[in-house]
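Engineer: Structure incoming, see below.
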Amino acid sequence: MMSNANMKVISTDGEEFNISYDIAKQSRLLHSYFDESFDEPIKLPLVNASILKSVIDFCEHHKNDPEAEISDDDDDDDDNNNNITKKNVQELKQRKPVSEWDRAFIQRFSVRDESLFDIVTAANYLDIPILLNTICKSIIYLIKGKTSEEIREIFKIAELLNETTTTTTDSTSSNHSVTSQTKTKT
475 MMSNANMKVI
485 STDGEEFNIS
495 YDIAKQSRLL
505 HSYFDESFDE
515 PIKLPLVNAS
525 ILKSVIDFCE
535 HHKNDPEAEI
545 SDDDDDDDDN
555 NNNITKKNVQ
565 ELKQRKPVSE
575 WDRAFIQRFS
585 VRDESLFDIV
595 TAANYLDIPI
605 LLNTICKSII
615 YLIKGKTSEE
625 IREIFKIAEL
635 LNETTTTTTD
645 STSSNHSVTS
655 QTKTKT
């Protein structure tokens with residue numbers, strides 16, 4: 475179809491990338507721009523340059539995979555998209571496990587620097603099912619058989635909760651001291 479066409483996308487930090495049709499066809503969002511013959515660069519407000527580069531690398535690696543291409547019957551507009559059918563469950567069970575290349579790809583991201591969350595956000599925002607599925611499978615393999623305490627440690631949940639609590643407490647304390655100072659002055 476348009477295998478030699480290109481489009482420009484711009485990351486949230488302003489870096490411009492040329493995307494081929496072979497890459498864009500894996501993303502429902504970008505594919506829709508190709509379908510509309512969109513000529514302007516597409517700004518991607520939720521994807522920074524380093525994550526976008528990784529997404530492009532992933533899509534480049536998977537560009538010839540049959541499951542990577544979005545088909546017309548993949549529309550999520552139907553009312554039953556939240557219902558998991560037996561057929562869907564069987565399809566999920568029959569899918570191949572995460573490849574070595576995909577495992578190495580996912581290991582580039584971490585919870586500590588939030589890059590794992592950034593790649594999940596990008597896969598979801600760009601609507602790239604094969605990437606999102608690969609990430610989810612990798613996370614499942616990572617936590618499979620772990621206790622809830624081990625899972626909390628892997629995802630640094632206690633640290634994240636403490637940071638959130640500290641930030642909330644600090645801002646609440648600041649608000650109280652400002653209120654106290656204002657009352658004193660009046």
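Position one of the sequence shown corresponds to residue 475 (the numbering used here), numbered consecutively onward. Ideal Cβ positions, reconstructed from N, Cα and C, are used throughout, including at glycine. These numbers were taken from a predicted model, which means no experiment stands behind them.
When you compare the CB of Leu520 with every CB in chain B, is at least one pair closer than 8 Å?
Structural biologist: Absent from the structure: chain B. Only one protein chain is present.
Engineer: Excluding the five sequence neighbours on either side, which residues of its own chain have a C-beta within less than 6 Å of the C-beta of Arg502, listed in chain order?
Structural biologist: Cβ within range, chain order: Ile544 and Asp601.
Engineer: Looking at the structure shown, is Val529 part of a helix, part of a strand, or coil, going by DSSP?
Structural biologist: Reduced to three states, the DSSP call for Val529 is helix.
Engineer: List in chain order: all unbroken alpha helix (DSSP H) runs of 4+ residues lying wholly within the segment 572 to 638.
Structural biologist: Counting only runs of 4 or more, we get 574 to 580, 589 to 599, 603 to 617 and 622 to 628.
Engineer: For Ser494, does the three-state DSSP call read helix, strand or coil?
Structural biologist: In the structure shown, Ser494 sits in a strand (DSSP, three-state: E or B).
Engineer: Below 8 Å between beta carbons: does that hold for Leu526 and Leu518?
Structural biologist: A contact, by the Cβ cut-off of 8 Å.
Engineer: Buried or exposed, going by whether 16 or more other CB atoms sit within 10 Å of the CB of Lys618?
Structural biologist: So Lys618 ends up on the exposed side.
Engineer: Output the boundary residues of the beta strand (DSSP E) element that contains Lys480.
Structural biologist: For the record, residue 480 in the displayed sequence is Asn; it is not Lys. Start and end: Asn480 to Ile484.
Engineer: How long is the line joining the alpha carbons of Lys611 and Ser589, rounded to whole angstroms?
Structural biologist: Each residue's Cα considered, the two are about 17 Å apart.
Engineer: Tell me where the alpha helix (DSSP H) around His536 begins and ends.
Structural biologist: Premise fails: His536 is in no alpha helix (DSSP H) and is neither H nor E.
Engineer: Drop a sphere of 10 angstroms on the beta-carbon of Ile609, count the other beta-carbons inside from all chains shown, and report buried for 16 or more, exposed for fewer.
Structural biologist: Ile609 is buried by the Cβ-count criterion.
Engineer: Can you grab the Cα-Cα spacing for the pair Lys620 / Ile631, in whole Å?
Structural biologist: Going by the C-alpha atoms only, they are around 14 Å apart.
Engineer: What's the call for Ile628, buried or exposed, on a 16-neighbour Cβ count within 10 Å?
Structural biologist: Exposed, by the Cβ-count rule.
Engineer: Assign Phe491 to one of two classes, buried (16 or more other C-beta atoms within 10 Å of its C-beta) or exposed (fewer than that).
Structural biologist: Result: buried.
Engineer: What residue does the alpha helix (DSSP H) around Leu503 start on, and which one ends it?
Structural biologist: Note, Leu503: alpha helix (DSSP H), Arg502 to Asp509.
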